[in-house]
Amino acid sequence: MTVIGRLAISCLMLAALLGCARDPVRHLASDASLITPGVSTRSDVLTYLGDPDERLGEKGASEQWVYREEYRSAVQKTLDVAGWLGPESVSRIIVTFDGDLVTDIRYNRSESGEFGQ
């Protein structure tokens with residue numbers, strides 16, 4: 488086998504291994520079920536969901552924490568075309584606080600193209 492052939496095989500094997508590497512994944516749907524309005528606190532939410540992707544409102548008043556998770560197809564992950572195709576779907580949790588206590592939690596998921604162009 489030639490040097491170029493060995494190099495090509497090595498590159499293919501490396502690409503296959505890198506394709507198996509994964510980022511940590513949130514599971515928003517199941518994590519949302521761990522939070523109970525009127526019982527859970529900010530500390531509980533941080534424990535179950537981590538830091539929010541966005542904070543809305545003022546701390547101490549009615550504040551909302553927003554968590555997002557994008558789902559991509561295997562093709563999008565493998566070929567790294569996510570910038571062109573966008574996510575297949577997006578999940579979102581909005582946690583509403585009154586002071587330190589959770590007063591509401593909402594989960595939704597939207598599919599690609601659901602909102603039009």
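Residue 488 is where the sequence shown starts when you use our numbering, and the numbers rise one by one after that. We treat Cβ as the ideally placed atom computed from N, Cα and C, and that holds for glycine.
Output needed for Leu-536: all residues of its chain with C-beta closer than 6 Å, excluding positions within five of it in sequence on either side, in chain order. Asp-518, Tyr-554
Work out the CA separation of Leu-499 and Thr-489 for me, nearest whole Å. 16 Å
Anyone know if the C-beta pair for Val-442 and Trp-552 falls short of 9 Å? No information on residue 442 is available, as it lies outside the stretch 488 to 604 that the chain covers here.
Within 8 Å: the Cβ of Gly-492 and any heavy atom of the ligand FMN? The model on display carries no ligand, and the ligand FMN is accordingly not part of it.
So which of Ile-522, Leu-515, Leu-521 has the shortest CA-CA distance to Asp-540? Nearest of Ile-522, Leu-515, Leu-521 to Asp-540, Cα basis: Leu-515.
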